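Residue numbers (the numbering used here): 1036 to 1433.
Here the structure comes first, spelled out in C-alpha cells, and everything after it is commentary.
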Ligand SMILES: [Fe+2]
C-alpha cells in the first residue's frame, strides 16, 4: 500500500453530539421539515422511558409523535413491515430510531421501503463467490432518518446500511447505499449511562474490533486510518472506565464518540474474519454479538499476525504500549498482548466452551466460516486455505 493507491472518502451523516443533546430532537425534526415522527424502539427501552426526552422535545416543537415499540433484536422482515404500515397509516414524514443497532437499522429499513417500495429482500446483497449481488439498488432517498444511539458500539447511527433477518432463508441480509444513510445522528451519551457493565463491555469491544479489523484490511484509506486509530486509542483509554463505572459521563461520551467515529470509517476499509466467526457463532449459539466478537478477536489477530506485523505495532502504540526500539514482530506481540489485556479487563476472556459451545458446533461453525471466508481472505492480511485452518482458530478460542 502506498500513496499512489486510489481511495475515496464521502460525506457522512450530520453528527450532533453531546450530553443532553436528545433535547434537540424536535428542533432537528423541524429542520428536516418533519411534522409527524415515527419513533422506533424496542419494548424494553420504551418501558424504561428512554424515549421520553425525545418525545417531549418533538411535541414542544409541534411535531406529532407516533410510537412503534416493536423493534426486535436482529430486526426481522415482519417487524420492519409492521413499522412501515404504521408510518403510512399515520402519515408520518420523519423516522427516529432510538436504541442499539437493531432500532437504528430498523429505522433505516423503514425509510428504504417507504421511499423505494417492494420487499426488503429485493435490496439485500448476496455473496456469490467473491462478489456481492442484489436484485435492486436503493435508488431513492426515503423519509429523513434521525438515529439516536443508546449503546456505544455498532456505529449504526452513521453507517449506510441496514441488516434484517429473513426467517424464510435463515439469512441476515444487508441493504446498503448512500440513500440508506441516516440524515442526522443525534448522539447523547447520557442515554447510554444506564447500560449495564456487561452490555457496555460487549458493545464496546464490538467498536474496538470493527476499528482494528478495518485497519488490518488491505484497503488504502488515510482518512479512515486517522479516524480508526484515534478511536482505538480512545476505546483503550475509556472502555475500562465505562465498564467500571457506568455513571462516568466522560467515559460514556468518549465511548459513544469512538463508536460513531468507527461507524464513519470501517465501511471504507471492510472487516476481517472476527466478524465472520461472530456472525456464524451468533446464529449457532444466540450469544450476544459483542461477546463473541470479544472472544474471537485475540485469536483471529494471533492468526493474522504474520500478515500484518507493522499494523499490530501501530495498534500497540495506540493502546498505550511503548514499542520504541522493538523489532517488528516484538512490537506486534505487544499489540496482541494489549488487546488481550483490554478484553480481560472488561471480563471478556472466557473460552468458547464456558458458553456451552460443543465440539459439534465448532465443526459446523468451521465449515460455515470456510464457505464464506473468501472475500475477507482476499482482502485481509491472512486467509484460510482449508477448513482445518479455520478449526484451528476456533480451537484456540475453545
Ligand atoms: Fe459488530
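Here a beta-carbon is modelled for each residue, glycine too, at the ideal position from N, C-alpha and C.
As the structure is a computational prediction, the values presented were derived from the model and not from experiment.
Please indicate yes or no: does the CB of residue i lie closer than 6 angstroms to some heavy atom of ligand 1?
i            : result
residue 1241 : yes
Just tell me which of the options has its CA closest to the CA of residue i.
i            : options                : result
residue 1185 : 1041, 1301, 1080, 1365 : 1080
residue 1157 : 1198, 1138, 1064, 1178 : 1198
residue 1425 : 1182, 1335, 1387       : 1335
residue 1433 : 1386, 1364, 1285, 1048 : 1386
residue 1421 : 1130, 1404, 1133, 1370 : 1404
residue 1140 : 1071, 1128, 1217, 1088 : 1217
residue 1267 : 1377, 1354, 1118       : 1354
residue 1291 : 1193, 1046, 1084, 1317 : 1193
residue 1052 : 1131, 1241, 1137, 1182 : 1182
residue 1277 : 1380, 1306, 1343, 1265 : 1380
residue 1244 : 1127, 1390, 1143, 1371 : 1371
residue 1237 : 1368, 1272, 1288, 1187 : 1187
residue 1129 : 1050, 1070, 1196, 1252 : 1070
residue 1281 : 1295, 1294, 1227       : 1227
residue 1120 : 1095, 1146, 1098       : 1146
residue 1206 : 1155, 1248, 1251       : 1155
residue 1093 : 1108, 1067, 1171       : 1067
residue 1221 : 1180, 1195, 1125, 1107 : 1180
residue 1032 : 1401, 1375, 1152       : Any answer about residue 1032 is impossible in this case: the structure gives the chain only from 1036 up to 1433.
residue 1060 : 1144, 1084, 1091       : 1091
residue 1191 : 1284, 1178, 1242       : 1242
residue 1131 : 1265, 1099, 1340, 1246 : 1099
residue 1309 : 1062, 1390, 1338       : 1338
residue 1406 : 1265, 1394, 1419       : 1419
residue 1416 : 1358, 1250, 1246, 1204 : 1250
residue 1049 : 1196, 1295, 1366       : 1295
Which residues in the same chain have their Cβ closer than 6 angstroms to the Cβ of residue i, if we skip the five residues on either side of it in sequence?
i            : result
residue 1300 : 1259, 1262, 1263
residue 1104 : 1076, 1078, 1081
residue 1329 : 1240, 1378, 1383
residue 1414 : 1252, 1253, 1305
residue 1367 : 1340, 1344, 1347, 1348
Go through its chain and collect everything with a Cβ distance to residue i's Cβ below 7 angstroms, but skip five positions before and after it.
i            : result
residue 1399 : 1319
residue 1176 : 1150, 1214
residue 1159 : 1169, 1208, 1209, 1210
Which same chain residues end up closer than 8 angstroms to residue i when comparing Cβ atoms and leaving out the 5 residues on each side of it in sequence?
i            : result
residue 1397 : 1387, 1426, 1429, 1430, 1433
residue 1086 : 1074, 1076, 1080, 1102, 1133
residue 1055 : 1223, 1225
Counting Cβ pairs closer than 8 angstroms, one from the region 1346 to 1356 and one from the region 1306 to 1325, do we hit at least three?
no
Any chance the region 1244 to 1258 sits against the region 1041 to 1061, with 3 or more Cβ pairs inside 8 angstroms?
yes
At least three beta-carbon pairs within less than 8 angstroms, the region 1310 to 1317 to the region 1225 to 1238
no
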